[in-house]
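Trainee: Protein chains in written order, with the numbering used here: chain A, 1 to 112; chain B, 1001 to 1112.
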């Protein structure tokens, strides 16, 4: 997505390690930042999201951090497990309506 | 209960044919979308409808024509199919602005 930059495109970690995926957005009016997980052959599914009035949100092994000044947000997965292997997408809205642009995706491979 | 359902799931057709994909959501959402996911996994917005009105048309060839008979349905008709149209098409919906997008299971279109 040209309005949301996502890095890295691939990430390989050992089981139990942490994984971090970063996204940068362009529209300073963006106020909602979801992360989606897409397993092979399946639909993207929301795993965590954050709104612009907070800087961090956690849900068990996953967390999202937001830096509005720098216009970037990150997904953190701790104690990775093989079932975390998937493609992860960040997204951010643009414009004055519900127009979401997705990052280009990160393929996470967790090696047992 | 499937929240966002789309049919067919798989579609193989010849170049030049016309085909339709149907989508329905039972979440009571007022906004629906079509996204295209190509072989490189990029998720690109094609159209967005709010309460049956077209809101977004993202430089999609006019061979693609969405239609929303009511706010729970958004169909996609494609004329004169080309090889490059082969992709997974995801229908999605959300409630208002800046809220979570829920995806359907996807329709795998292969043009031969």
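All residues carry an ideal CB built from backbone N, CA and C; glycine is no exception.
Quick one: which chain B residues come within Cβ less than 7 Å of residue 88 of chain A?
Mentor: Within 7 Å Cβ-Cβ: nothing; residue 88 of chain A doesn't reach chain B, min ~11 Å.
Trainee: When you compare each of A:70, A:36, A:40 to residue 62 of chain A by their alpha carbons, which one comes out closest?
Mentor: Among A:70, A:36, A:40, the Cα nearest to that of residue 62 of chain A belongs to A:36.
Trainee: Measuring CA to CA, which of A:111, A:112, A:104 is closest to residue 6 of chain A?
Mentor: Checked all of A:111, A:112, A:104; the closest Cα to residue 6 of chain A is A:104.
Trainee: Could you name the residues of the segment 39-68 of chain A whose beta carbon sits closer than 9 Å to any beta carbon of chain B, in the order they occur along the chain?
Mentor: 41, 42, 43, 44, 45, 46, 49, 51
Trainee: Measuring only between beta-carbons, confirm whether residue 31 of chain A sits less than 8 Å from chain B.
Mentor: By this cut-off, residue 31 of chain A is an interface position.
Trainee: Along the chain, which unbroken stretches of the beta strand (DSSP E) at least 3 residues long are found entirely within the segment 1016-1086 of chain B?
Mentor: 1019-1025, 1031-1037, 1043-1050, 1053-1057, 1064-1070, 1073-1078
Trainee: Work out the CA separation of residue 1031 of chain B and residue 1057 of chain B for me, nearest whole Å.
Mentor: 14 Å
Trainee: Quick check: residue 1034 of chain B and residue 1066 of chain B, are their CB atoms within less than 8 Å of each other?
Mentor: yes
Trainee: Classify residue 1024 of chain B: buried if its beta carbon has 16 or more other beta carbons within 10 angstroms, exposed otherwise.
Mentor: buried
Trainee: Can you have a look at residue 1088 of chain B and say buried or exposed, based on whether 16 or more other CB atoms are within 10 angstroms of its CB?
Mentor: buried
Trainee: With distances taken from CA atoms, which of A:20, A:93, A:82 is nearest residue 52 of chain A?
Mentor: The residue from A:20, A:93, A:82 with its alpha-carbon nearest to that of residue 52 of chain A is A:93.
Trainee: Evaluate contact between the segment 21-28 of chain A and the segment 1004-1017 of chain B, counting only Cβ atoms and requiring at least three cross-stretch pairs below 8 Å.
Mentor: no
Trainee: For residue 22 of chain A, report the span of its beta strand (DSSP E) as first-last.
Mentor: 19-25
Trainee: Which of helix, strand or coil does DSSP assign to residue 56 of chain A?
Mentor: Strand, per DSSP.
Trainee: Closest to residue 1062 of chain B by CA distance: which of B:1076, B:1051, B:1072 is it?
Mentor: B:1076
Trainee: Take residue 1014 of chain B and list the residues in its own chain whose beta-carbon comes closer than 8 Å to its own, dropping the five residues that flank it on each side.
Mentor: 1081, 1111, 1112
Trainee: Are the C-beta atoms of residue 994 of chain B and some chain A residue less than 8 Å apart?
Mentor: The structure shown does not extend to residue 994 of chain B, since chain B is modelled only from 1001 to 1112, so the question has no answer here.
Trainee: Which residue's Cα is closest to the Cα of residue 77 of chain A: A:58, A:66, A:69, A:71?
Mentor: Among A:58, A:66, A:69, A:71, the Cα nearest to that of residue 77 of chain A is on A:58.
Trainee: Should residue 54 of chain A go down as buried or exposed, given a rule of 16 or more other Cβ atoms within 10 Å for buried?
Mentor: It counts as exposed.
Trainee: Who are the Cβ neighbours of residue 1078 of chain B in its own chain at under 7 Å, not counting the five residues just before and after it?
Mentor: 1018, 1019, 1063, 1064, 1085
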